[in-house]
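Residue numbers (our numbering): 244 to 648.
Note that the Cβ used here is the ideal one computed from N, Cα and C, for glycine as well.
Values in this document were obtained by computation on a predicted structure and should not be read as measured data.
Have a look at the structure below before the remarks.
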């Protein structure tokens, strides 16, 4: 530690490290989020807010959150009064990007990167333990389902793949490539089949972006990815069981029974699209989609979906676009599109377009089959990676300009 570090600076760094280490554990967020806010205020965050808000990605976050707040005017709260059931509140975790990104600088980056890597690989080790030793899915102590764990693995695979493709050092390529293989092997043994598919498509998209002008290399790596996929798939009983379940789900659908993973998604998408068509502009109001589904299925299409709440408790619409459209209509869908576009643009403007394309394609694909943007603590991980990558790139570019000046 530098001898001249002030108490205030030390507090700020501890706040950043604490949130990077503990965001997976919900109880710790009761302390880490306010701590981050305090650090932001101490560092003059309000004075810099005019500069921060000039970033289009920040504007997109604020617009989406503002529309959700506005939607409360014609929405509702859970009937039992428990805000914990209001899944829409999770959209507001996007706001964490503002203080986190604002606090990052060259001196604080090593602390933050070290803390986030420690967190990620620590959680990974726990997940591998539960898979290999306990024979369990996800991470029960963290209340992380197999879907959350699989989503986390997918993000790691995309970031490590990006580093593998672009690293100049052979040693770093070997390390990052090994990380990709390990993470992919673990993901093949989790039940999140659609998230695994989104990961594979995003990785192939990265390969295309990197080697689209070098056909031989592209085809070589593409074939390698297919071979690895085949080997991992054939060696994973979990993967084979989950894909065998697809056949069973289709058979149930043919019998008019929607009480399956696939059938439930088709039913809830059907009801959601029907709801958006009823109120296309403003939606049904923030907080209303859950109760809308439960009330509508009693009579919709002669009640063919009315028994679904017995199969699975209604929580969201398993699709980012339908979910936000039900809350705040076309305005919400456009706001979400604006968010994704500017999320990619913040990468592109800082010469990290390939990484941005990989991550955003993964977010988009995963969001087609689940409410990914409010999925567990995954948005926090994505926002932290975004802030760190942009800050690191800006620091490197500034150093380059100083050397060449």
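Under the three-state DSSP convention, the category residue i falls into
{"i": "residue 243", "result": "There is no way to answer for residue 243, as the model of the chain reaches only from 244 to 648."}
{"i": "residue 474", "result": "helix"}
{"i": "residue 534", "result": "helix"}
{"i": "residue 548", "result": "coil"}
{"i": "residue 618", "result": "coil"}
{"i": "residue 638", "result": "helix"}
{"i": "residue 457", "result": "coil"}
{"i": "residue 324", "result": "Unreliable placement is indicated for residue 324, whose pLDDT of 47 sits below 50; no coordinate value is reported for it."}
{"i": "residue 263", "result": "helix"}
{"i": "residue 396", "result": "helix"}
{"i": "residue 542", "result": "coil"}
{"i": "residue 362", "result": "helix"}
{"i": "residue 248", "result": "coil"}
{"i": "residue 287", "result": "coil"}
{"i": "residue 631", "result": "helix"}
{"i": "residue 570", "result": "helix"}
{"i": "residue 342", "result": "helix"}
{"i": "residue 257", "result": "helix"}
{"i": "residue 277", "result": "helix"}
{"i": "residue 409", "result": "helix"}
{"i": "residue 357", "result": "helix"}
{"i": "residue 524", "result": "coil"}
{"i": "residue 592", "result": "helix"}
{"i": "residue 612", "result": "coil"}
{"i": "residue 442", "result": "helix"}
{"i": "residue 330", "result": "helix"}
{"i": "residue 272", "result": "helix"}
{"i": "residue 372", "result": "helix"}
{"i": "residue 416", "result": "helix"}
{"i": "residue 350", "result": "coil"}
{"i": "residue 585", "result": "helix"}
{"i": "residue 404", "result": "helix"}
Per DSSP, the bridge partner or partners of residue i
{"i": "residue 382", "result": "387"}
Contact under 8 Å by Cβ, residue i with residue j
{"i": "residue 355", "j": "residue 631", "result": "yes"}
{"i": "residue 279", "j": "residue 306", "result": "no"}
{"i": "residue 300", "j": "residue 635", "result": "no"}
{"i": "residue 398", "j": "residue 423", "result": "no"}
{"i": "residue 310", "j": "residue 575", "result": "yes"}
{"i": "residue 518", "j": "residue 542", "result": "no"}
{"i": "residue 626", "j": "residue 392", "result": "no"}
{"i": "residue 485", "j": "residue 434", "result": "yes"}
{"i": "residue 452", "j": "residue 600", "result": "yes"}
{"i": "residue 479", "j": "residue 448", "result": "no"}
{"i": "residue 605", "j": "residue 441", "result": "yes"}
{"i": "residue 362", "j": "residue 264", "result": "yes"}
{"i": "residue 561", "j": "residue 508", "result": "yes"}
{"i": "residue 520", "j": "residue 551", "result": "no"}
{"i": "residue 525", "j": "residue 568", "result": "no"}
{"i": "residue 553", "j": "residue 614", "result": "no"}
{"i": "residue 287", "j": "residue 342", "result": "no"}
{"i": "residue 251", "j": "residue 281", "result": "no"}
{"i": "residue 338", "j": "residue 308", "result": "yes"}
{"i": "residue 267", "j": "residue 376", "result": "no"}
{"i": "residue 446", "j": "residue 623", "result": "no"}
{"i": "residue 570", "j": "residue 317", "result": "no"}
{"i": "residue 402", "j": "residue 633", "result": "no"}
{"i": "residue 450", "j": "residue 464", "result": "yes"}
{"i": "residue 590", "j": "residue 598", "result": "yes"}
{"i": "residue 428", "j": "residue 364", "result": "no"}
{"i": "residue 492", "j": "residue 504", "result": "yes"}
Endpoints, the alpha helix (DSSP H) within which residue i is located
{"i": "residue 309", "result": "299-313"}
{"i": "residue 434", "result": "Premise fails: residue 434 is in no alpha helix (DSSP H) and is neither H nor E."}
{"i": "residue 337", "result": "Per DSSP, residue 337 belongs to no alpha helix (DSSP H) and is neither H nor E."}
{"i": "residue 605", "result": "596-609"}
{"i": "residue 486", "result": "480-497"}
{"i": "residue 507", "result": "504-521"}
{"i": "residue 294", "result": "292-295"}
Proximity test, Cβ basis, 8 Å: residue i and chain D
{"i": "residue 290", "result": "Note that chain D does not occur in the displayed structure, where there is just one protein chain."}
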